[in-house]
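Step one of this worksheet: look at the structure below.
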Amino acid sequence: MRRLTFVLVLLLTACAQPEHGSGPSSLANVVPTYPVVPLDQQKIDVRTLPPEAGLSNPNCGLNGIEGIEKEFVARLNQVRAQARMCGPQKFESAPPIRWNIQLLRAAYHHSVEMARTNVVSHTSLDARALKNRINQTGYFYEHAGENIAAGQSDVATVIQAWVDSPSHCATLMEPDFKEVGAACVYKKNSFYRFYWTLDMALPVPGQDGLSKPDKRHGKAEEKEVDWKETVVR
């Protein structure tokens, strides 16, 4: 039986609006071995929440208790460390990025929705776009991008699928991005089973995406670039 896999990409620029959320994560004392925004500076950690019935945790159950984030950051930074062509566009090597659980939260909830509905899209069923999903986490940013995919069963495969697609590759190589969150939600009785979302962003200067943005950054402005759906058979 042939398995279909999808990859989609969206970029936008925006200045988020404040959200009054919960306090520091219960995992504040955990010291990760990969680049990450300090957990005691972040808000809701979806890794501590019980998964929805019939769906996996934010890691698709991959890599055991370690989850996908360490591997995701390592593989993504390996990609960014090398100059490459993304279709006709040349990118020099890009700085390494670090994990952010607020971006993970935005990515996870979108993957949950895609898994529930079997709809692989950047637009939520209630018409929310990427900027809305990130705003709801209380994360403040100037520039953000999103890749989504479905059907790939591990981190290496989904990242390679994005690298092989010019528009997705361009998101991964964007030199301005400093932080990332990515989620995979697994649903056994679904068309694709694995539903991936990657959100990358440049936080508001000097505030690490965690505080109210300066007024000079103005209104949110969405810029949706040309994205392409790729089917891998």
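Using UniProt numbering, read the sequence shown as starting at 1 and increasing by one per residue. For each residue, glycine too, the CB sits at the ideal point set by N, CA and C. Computed from a predicted model, the values in this text were never measured in an experiment.
- In the three-state DSSP reduction, Gln152 falls in the coil class, being neither helix nor strand.
- Here Phe91 is near Ala83, since their CB atoms are less than 8 Å apart.
- Excluding its 5 nearest sequence neighbours in each direction, Arg80 has C-beta neighbours in its own chain below 8 Å: Ser93, Ala94, Pro95, Pro96, Ile97, Leu172 and Met173, listed in chain order.
- When DSSP assignments are scanned along the region 65-124, the uninterrupted stretches of alpha helix (DSSP H) that are 4 or more residues long and fall wholly within it turn out to be 69-80 and 101-117.
- For Pro50, the three-state secondary structure derived from DSSP is coil.
- Exclusion of the five residues before and after Tyr108 leaves Val46, Pro58 and Ala183 as the residues of its chain whose Cβ lies within less than 6 Å of its Cβ.
- Beta-carbon to beta-carbon, His110 and Ser124 are separated by about 7 Å, close enough to satisfy the 8 Å threshold.
- Judged by DSSP in its simplified three-state form, Leu130 adopts helix.
- Between Ala161 and Phe177, the C-beta gap is not smaller than 8 Å, which leaves the two residues out of contact.
- Bounds of the alpha helix (DSSP H) holding Thr171 are Pro166 to Met173.
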